[in-house]
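A.B. asks:
In the numbering used here, the protein residues as written are 3 to 248.
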């Protein structure tokens, strides 16, 4: 679509395409494409054009600027990057769930390192009793996706065994108000550990166990979209998962 705002701003200033092109040091044909085809200039040219015409950059190219704002906000959501899950400090996990006041969510295949931590399971129980919604998603140990993940990681049936062990370790929490556990049959591209607007995202890398894969620490920022993307993914898996009764 043509950029009628840019055309109108030129007319209002009494300037031609050639005048603008000369002022900001670009080819006149480039400016013509900005107007007739709606092409978006580089940021420096947008800024220079807006300054020359005496208008706000957001008036001339609102969509381009909003995309840049989303990117900048999303980058701000990244608090830390760890090369491996085992490199995440233990107290980071504790602080993550301790700080939760509304919701805790865990999406994994087995996440045995978490279930095998008695203090962490006790903390999840305390949070549920305090009114925090605690949701755990484990892989269905009998599904094809878990079997394939076990093969990919080189542990074979060990993956299913780890899930069954995690189920046993979470048993003390069954029956608590605000605690729910479901089994999913999803191909996971990452594991998600959520506490309100803080997330730890454990990437899944083919042929590598999750503990050796990278982790992103994210925190929601207004205008950012990374936390929302992962939170939406969690909800989609949750919606299709099967509840485990106590």
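Glycine included, each C-beta is placed from N, C-alpha and C at the ideal position.
1. Any idea which residues DSSP pairs residue 193 with across the strands?
2. Does the count of Cβ pairs from the region 125 to 134 and the region 226 to 244 closer than 8 Å reach three?
3. Using alpha carbons as the reference points, say which of 77, 51, 45 lies closest to residue 66.
4. Would residue 165 and residue 126 be called neighbours here (beta carbons separated by less than 8 Å)?
5. Of all the options 26, 138, 186, which has the alpha carbon lying nearest to the alpha carbon of residue 107?
6. Is there contact here, the region 158 to 175 with the region 109 to 118, by at least three beta-carbon pairs under 8 Å?
7. Ordered along the chain, which non-local residues of its own chain (more than five positions away) have a Cβ less than 8 Å from that of residue 4?
8. Could you tell me the distance, in whole angstroms, from the CA atom of residue 212 to the CA atom of residue 70?
9. For a test of the three-state rule: what should DSSP assign to residue 245, helix, strand or coil?
10. Check the C-beta distance from residue 84 over to residue 216 and give it rounded, since I have them as a contact under 8 Å.
11. Are the Cβ atoms of residue 197 and residue 102 separated by less than 8 Å?
12. Measure the C-alpha to C-alpha separation of residue 122 and residue 94 and round it to an integer number of angstroms.
13. Residues bridged to residue 84 by DSSP?
14. What is the C-beta distance between residue 79 and residue 184, in whole angstroms, given that I count them as a contact (C-beta under 8 Å)?
15. What residues are listed by DSSP as bridge partners for residue 165?
16. What are the boundary residues of the alpha helix (DSSP H) that residue 96 is part of?
17. The beta strand (DSSP E) that contains residue 42, what's its start and end?
18. Using the C-alpha atoms, what's the distance from residue 25 back to residue 54?
19. Does the distance from the CB of residue 62 to the CB of residue 193 come in under 8 Å?
C.D. replies: For this structure:
1. Stepping through the chain shown from its first residue, residue 193 is reached at position 191. DSSP lists 204 as the beta-bridge partner residues of residue 193.
2. The region 125 to 134, when compared against the region 226 to 244, does not touch it at the 8 Å Cβ threshold.
3. In the chain shown, residue 66 corresponds to position 64, counting from 1. Looking at the Cα atoms, 45 is the closest of the given residues.
4. Against the chain shown, residue 165 aligns to sequence position 163. Against the chain shown, residue 126 aligns to sequence position 124. Against a cut-off of 8 Å, the Cβ pair of residue 126 and residue 165 comes out as no contact.
5. Within the chain shown, residue 107 is the residue found at index 105, counting from 1. The option with the nearest alpha carbon to residue 107 is 138.
6. yes
7. As a first step, residue 4 is located in the chain shown; it is residue number 2 there, counting from the start. Correct list, in chain order: 37, 38, 39, 40.
8. Against the chain shown, residue 212 aligns to sequence position 210. Against the chain shown, residue 70 aligns to sequence position 68. Distance between the alpha carbons of residue 212 and residue 70 is about 33 Å.
9. Translated into positions along the chain shown, residue 245 becomes position 243. Reduced to three states, the DSSP call for residue 245 is strand.
10. On the chain shown, residue 84 is found 82 positions in, with the first residue counted as 1. On the chain shown, residue 216 is found 214 positions in, with the first residue counted as 1. Contact flag correct, Cβ pair sits at about 6 Å.
11. Numbered from 1 along the chain shown, position 195 holds the residue referred to as residue 197. Numbered from 1 along the chain shown, position 100 holds the residue referred to as residue 102. Against a cut-off of 8 Å, the Cβ pair of residue 102 and residue 197 comes out as a contact.
12. Counting from one through the chain shown, the residue named residue 122 turns up at place 120. Counting from one through the chain shown, the residue named residue 94 turns up at place 92. If I take the Cα positions, the gap works out to 12 Å.
13. Within the chain shown, numbered from 1, the residue matching residue 84 stands at position 82. 217, per the DSSP bridge assignment.
14. Counting from one through the chain shown, the residue named residue 79 turns up at place 77. Counting from one through the chain shown, the residue named residue 184 turns up at place 182. Not quite, the Cβ-Cβ distance comes to about 27 Å (not below 8 Å), so this is no contact.
15. Translated into positions along the chain shown, residue 165 becomes position 163. Looking at the DSSP assignment, residue 165 forms no beta bridge with any residue, so it has no partner.
16. Position 94 of the chain shown, counted from the first residue, corresponds to residue 96. Looking at the DSSP string, the run of the alpha helix (DSSP H) that includes residue 96 is 92 to 100.
17. As a working mapping, residue 42 is identified with position 40 in the chain shown. For residue 42, no beta strand (DSSP E) segment is defined, and its DSSP state is neither H nor E.
18. Taking the first residue of the chain shown as 1, we reach residue 54 at position 52. Taking the first residue of the chain shown as 1, we reach residue 25 at position 23. Going from the Cα of residue 54 to the Cα of residue 25 covers about 7 Å.
19. Within the chain shown, residue 62 is the residue found at index 60, counting from 1. Within the chain shown, residue 193 is the residue found at index 191, counting from 1. Not a contact, by the Cβ cut-off of 8 Å.
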